[in-house]
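Have a look at the structure below, then the notes.
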Amino acid sequence: MTFKYIGRPVPPQDGFYKVTGTAQYTLDVELPGMLYAKLVTSTVPHAKIKKIDVSKALQVPGVVKVVVGKDFPYRVGMYAGDRDLLAIDKVRWVGHPVAAVLAESLEAAEKAIDLVDVEYEELPTVFDPLEALSPDAPLIHEKMEEYRHSPAFRPIPGTNIANKFTLVKGDVEKGFREADVIIEEKFYIPHVSHCFMEVHNVVAHYHLDGTVEIWTSWQNVAPIRQIMALSLGIPHNKIIVKIPYVGGGFGGKAGLGWEALVAILSKEAGYRPVKLVLSRKEQFTSAAVREGFYGFAKAGFKKDGRFIAYDVKFILDAGAYADYTVNVGRAVGYSADGCYEIPNIRVESLTVYTNKIPTTALRGFGYPESHWVLEQIMDKAAEKLGIDPAELRKINLVKPGISETCTGERLREDAGNPQKVLEVLLEEIGWGKPSEKPREPWKIRSKGLALFVKGPAQPPNASASAILKFNEDASIDLLIATGNFGQGTVTALMQIVAEEFGLPLEKIRVDYIRDTHKSAYTWQTVGSRGLFTDGIAILNAIEDAKKQIFKIASEVLRCPEDHLELVDGEVRVKGKPWEKIPLQDIVMGYTYPNGNSIGGPVIGRGVFMSTHTTYLDPETGQGNPTIFHTFGGTAVEIEVNLLTGEVEVLKGVQVLDLGKVINPLLVEQQVNGGFLMGLSIGLYEQIKFDERGWVVNPNFTNYYLIRIKDIPKQIIWKTVETPQSDGPYGARGVGELTMIGVAPAIANAIYRALRVKLNELPMSPENIWKALREQRPEIVDEALKKFLEFKKMVEVKK
Amino acid sequence: MVHKLSLIVNGIKRTVEVKDNEILLDVLRDKLKIKSLKAACWRGECGLCTVLLNGKLVKSCLVLAVEVDGSEIITVEGLVKDGELSPIQRAFIEHGAFQCGFCTPAFVLASHQLLIENPNPSEEEIKEKLGGIICRCGTYLEIIKAIKSASRFYQKK
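In the order they appear, the protein sequences are chains Z and H. So for the first sequence, my numbering puts the first residue at 1; every next one is plus one. So for the second sequence, my numbering puts the first residue at 799; every next one is plus one.
As structure tokens, then:
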């Protein structure tokens with residue numbers, strides 16, 4: 001079948017606004033009479049608040065009010081429900097918002113926050129999640145049993161465990177008894193920040209009639225309204241959340257935000273609009289970041305390569321609040337088996353409170369962590385078994401239609417083709433062909449790979465909907481809440497509508513503002529689910545509209561509905577294309593020459609509901625957590641400087657089974673962007689804490705992000721297309737997938753060439769150099785010798 | 799102390815009162831309401847507040863407003879001439895050289911200036927000129943493509 005729009009590289013449809021600077025972001029929103037809020041944040045990691053003296057702050061000209069937490073003891077959240085608006089009676093990390101100053105100008109607010117005196121009584125602290133698990137560790141949340149958490153989670157009151165996830169399948173002890181080779185490794189990933197360019201910022205206007213208007217830089221409107229309604233007790237239809245263009249999200253603008261706080265501030269300011277903009281430092285230290293992570297893995301293999309037992313424990317350093325991180329803990333747990341069939345598996349995943357920054361989701365959450373562990377285990381096992389790493393993967397890959405995942409979900413036949421993904425990956429990277437020798441003999445080149453699989457981590461009942469309404473000229477307004485923070489999903493969704501009606505793309509419009517009041521409901525745009533879930537809702541809305549159109553046309557053309565077809569914006573009688581009626585004569589109702597009219601304005605509605613997903617069994621982790629699995633793989637060819645520890649990626653390959661590519665340009669953006677983000681987190685990024693819990697690098701000088709000069713020489717991508725019959729045109733999600741494999745592929749490449757383990761991120765020059773020195777000093781000495789010889793040669797030549 | 803500044807912003811004469819310690823970024827965004835330029839770090843690290851100041855690319859958060867009296871400033875709004883997008887803007891759209899778009903005005907402006915100064919830049923020269931601007935979405939490869947494809951329009955001039 002040939003398509004006009006599906007599969008075409010249509011540029012993102014909001015390009016005009018973005019390249020001209022006319023795209024409006026929340027940062028650009030100003031309302032008449034607006035006040036500015038600044039936060040007073042904690043300077044100690046764990047303490048009771050004895051007293052807050054705001055008298056000096058109130059004397060600053062322009063200061064309207066200072067608000068403190070104990071006056072608003074709300075508990076807010078989406079999953080763990082553990083969060084306060086401002087610290088109520090104690091602070092739990094350095095950076096915890098304690099009070100908010102409201103002023104006529106930002107300058108006055110900034111001046112006043114330094115004049116708020118907070119008296120603390122310091123409490124014992126715990127910064128390490130392993131220590132936080134000890135029975136005599138300081139307790140960070142005393143009243144966990146009162147938190148309103150989602151039924152998918154198991155907090156353990158009286159401990160620092162915000163969620164305990166367990167999974168058991170088969171008999172892992174028996175598996176280890178039968179294993180010929182056993183691998184045991186420990187892994188670590190530090191805290192990282194999302195570093196979206198637009199910081200968290202919110203404008204809220206609490207009106208005297210009880211209506212609250214919110215403008216915010218967030219991924220999704222629905223959860224904000226839900227969280228505010230449940231915690232503040234405001235009826236849903238009185239909370240109007242508007243999200244204009246968003247300067248990046250990466251999971252850090254999902255779930256709980258600052259909206260409930262700023263709404264309260266607006267009310268306290270006498271119903272005036274209030275704007276809160278975090279500084280970059282506050283974004284690093286007072287807002288949620290990605291958790292720190294420990295993985296302890298034991299894996300058992302048979303001599304022939306079969307992976308028969310896997311016992312793994314994950315400890316997530318969730319920081320002071322774990323609202324979304326409990327779901328990260330769950331996702332890392334049920335994705336422990338990656339894309340392999342492991343008959344005996346046991347997983348424990350603990351999300352643990354510490355006195356550090358709160359944490360939340362980040363692109364792919366849980367999966368980059370589980371794959372950092374598993375994909376390195378595969379290479380280490382391959383070495384011990386004397387089997388090629390690619391071959392070992394081939395032996396153990398799941399077989400859709402036959403295999404079960406570790407949650408006991410039998411993979412659907414059309415879930416994807418992981419074997420083919422691996423084949424294409426090996427071909428593209430030239431697996432088995434040796435790399436060219438680098439010019440400098442103190443450098444080495446190597447190839448490595450990692451496979452992965454991912455589906456959206458979401459509650460079982462996460463739904464989506466779409467409304468599609470026709471205008472007089474048969475143009476279409478598509479009312480959807482699909483998040484629009486750079487992924488381009490909306491363009492792909494517009495392509496689907498244009499394709500289905502045979503209309504030019506210009507006739508389809510999606511407003512740039514997501515609005516709880518005006519957009520159809522969608523649960524969230526996270527986890528690469530937008531195209532799949534909202535795409536299905538839209539296809540159903542199209543179906544609904546088409547039925548209405550054919551009903552009218554069938555009367556006008558005096559022809560049964562099933563003999564009609566929609567082509568190029570016209571309804572035609574099949575086989576007699578000259579008997580036709582243009583869409584614009586139908587979509588507002590059809591009027592006969594004498595004025596009699598039938599039908600009426602056409603409005604299509606459609607929903608998506610995931611009907612086969614379940615909660616997971618609390619003891620065994622068994623069930624069906626997700627709506628699709630996208631299989632993929634990353635391969636790299638790298639060059640390592642043995643003297644400096646620097647890694648350069650010469651070639652990166654990503655292969656993904658996307659079912660159907662709706663727009664290759666958008667996929668390429670995700671592949672490139674995800675690769676670079678994976679590379680940045682893999683090689684450079686780490687939030688560093690001092691011994692008192694202060695972040696020492698809350699800025700882009702000391703927290704290095706990948707820049708244009710650091711990009712690899714070449715990134716290529718290929719798709720395998722195994723259509724999933726219930727997906728839109730067979731498509732599955734892509735956005736988050738693209739960063740999962742990068743770090744483990746690099747670590748595997750280094751291990752293959754040097755037998756140096758890099759179980760901790762980041763693989764910075766410093767850390768690689770240290771690992772080389774500790775594990776293989778003779779390699780470094782040899783490289784240094786070559787370097788000196790080379791220098792001497794050059795000098796002699798001169 | 800309050801100073802009265804005269805500026806030419808995107809070809810239009812503007813006057814504005816500023817205090818000693820005000821940075822150009824705040825004057826442009828908050829007082830003159832030029833919202834195309836963005837801010838993400840407020841300390842010269844991200845490059846999103848880049849403007850053309852008398853024909854040179856500067857980070858406007860590192861410029862004191864009082865220093866630039868009488869200057870000519872161009873932001874991305876100034877690249878649209880007679881209702882037509884500049885070639886670099888068209889190339890950014892065509893190659894999808896943006897995702898969230900927050901850094902796009904800075905990249906478009908810097909790329910435009912690069913091509914004016916050096917209509918046929920090498921990849922290394924592109925990286926050098928744009929090295930100070932961060933795109934977290936990672937559209938660097940698409941930006942390089944866009945610059946290369948727009949290059950011929952600047953060579954003709």
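For each residue, glycine too, the CB sits at the ideal point set by N, CA and C. All values reported here derive from a predicted model rather than from experimental measurement.
What would DSSP say about residue i, mapped onto helix, strand or coil?
{"i": "Tyr952/H", "result": "helix"}
{"i": "His517/Z", "result": "coil"}
{"i": "Gly589/Z", "result": "strand"}
{"i": "Lys785/Z", "result": "helix"}
{"i": "Asp323/Z", "result": "coil"}
{"i": "Thr125/Z", "result": "coil"}
{"i": "Trp442/Z", "result": "coil"}
{"i": "Thr360/Z", "result": "strand"}
{"i": "Pro11/Z", "result": "coil"}
{"i": "His801/H", "result": "strand"}
{"i": "Asn748/Z", "result": "helix"}
{"i": "Tyr704/Z", "result": "coil"}
{"i": "Ser349/Z", "result": "strand"}
{"i": "His371/Z", "result": "helix"}
{"i": "Pro765/Z", "result": "helix"}
{"i": "Leu167/Z", "result": "strand"}
Within the 8 angstroms Cβ cut-off, does residue i reach chain H?
{"i": "Arg605/Z", "result": "no"}
{"i": "Glu736/Z", "result": "no"}
{"i": "Asn220/Z", "result": "no"}
{"i": "Thr701/Z", "result": "yes"}
{"i": "Asp28/Z", "result": "yes"}
{"i": "Pro11/Z", "result": "yes"}
{"i": "Asn672/Z", "result": "yes"}
{"i": "Lys18/Z", "result": "yes"}
{"i": "Val199/Z", "result": "yes"}
{"i": "Leu676/Z", "result": "yes"}
Quick check: what's the CA-CA separation for residue i versus residue j?
{"i": "Glu506/Z", "j": "Phe905/H", "result": "27 angstroms"}
{"i": "Ser42/Z", "j": "Ile538/Z", "result": "47 angstroms"}
{"i": "Thr325/Z", "j": "Thr22/Z", "result": "36 angstroms"}
{"i": "Val19/Z", "j": "Leu851/H", "result": "20 angstroms"}
{"i": "Val567/Z", "j": "Asn201/Z", "result": "45 angstroms"}
{"i": "Gly329/Z", "j": "Lys303/Z", "result": "32 angstroms"}
{"i": "Gly733/Z", "j": "Gly659/Z", "result": "9 angstroms"}
{"i": "Gly814/H", "j": "Ile871/H", "result": "First, the residue type needs correcting, since residue 814/H is Val and not Gly in the sequence shown. Cα-Cα distance, rounded: 14 angstroms."}
{"i": "Pro129/Z", "j": "Glu926/H", "result": "42 angstroms"}
{"i": "Tyr353/Z", "j": "Val212/Z", "result": "33 angstroms"}
{"i": "Ala731/Z", "j": "Leu822/H", "result": "47 angstroms"}
{"i": "Pro919/H", "j": "Ile886/H", "result": "14 angstroms"}
{"i": "Gly175/Z", "j": "Lys298/Z", "result": "11 angstroms"}
{"i": "Ile183/Z", "j": "Glu500/Z", "result": "53 angstroms"}
{"i": "Gly251/Z", "j": "Glu565/Z", "result": "42 angstroms"}
{"i": "Lys253/Z", "j": "Ser217/Z", "result": "7 angstroms"}
{"i": "Thr159/Z", "j": "Pro459/Z", "result": "25 angstroms"}
{"i": "Val199/Z", "j": "Thr902/H", "result": "16 angstroms"}
{"i": "Leu835/H", "j": "Ile711/Z", "result": "25 angstroms"}
Per DSSP, which one or two residues make a beta bridge with residue i?
{"i": "Leu397/Z", "result": "Tyr340/Z"}
{"i": "Pro728/Z", "result": "None; Pro728/Z has no bridge partner."}
{"i": "Ile871/H", "result": "Val807/H, Leu851/H"}
{"i": "Ala309/Z", "result": "Gly300/Z, Asn344/Z"}
Considering only heavy atoms of the ligand COA, does any lie closer than 7 angstroms to the CB of residue i?
{"i": "Ser349/Z", "result": "Ligands are entirely absent from the displayed structure, and the ligand COA is therefore not among its contents."}
Does the beta carbon of residue i sit closer than 8 angstroms to a beta carbon anywhere in chain Z?
{"i": "Cys839/H", "result": "yes"}
{"i": "Glu843/H", "result": "yes"}
{"i": "Gly899/H", "result": "yes"}
{"i": "Arg950/H", "result": "no"}
Which complete beta strand (DSSP E) runs does the stretch 178-203 of chain Z hold, if anything under 3 residues is left out? 181-189
Identify every run of the beta strand (DSSP E) within the stretch 461-531 of chain Z, keeping only runs that are complete inside it and at least 3 residues long; order them along the chain. 464-470, 476-479
Secondary structure, alpha helix (DSSP H): runs of 4+ residues fully inside the stretch 77-115 of chain Z: 106-113
Please give me, in chain order, every unbroken run of the beta strand (DSSP E) with length at least 3 that falls completely inside the stretch 264-296 of chain Z. 274-277
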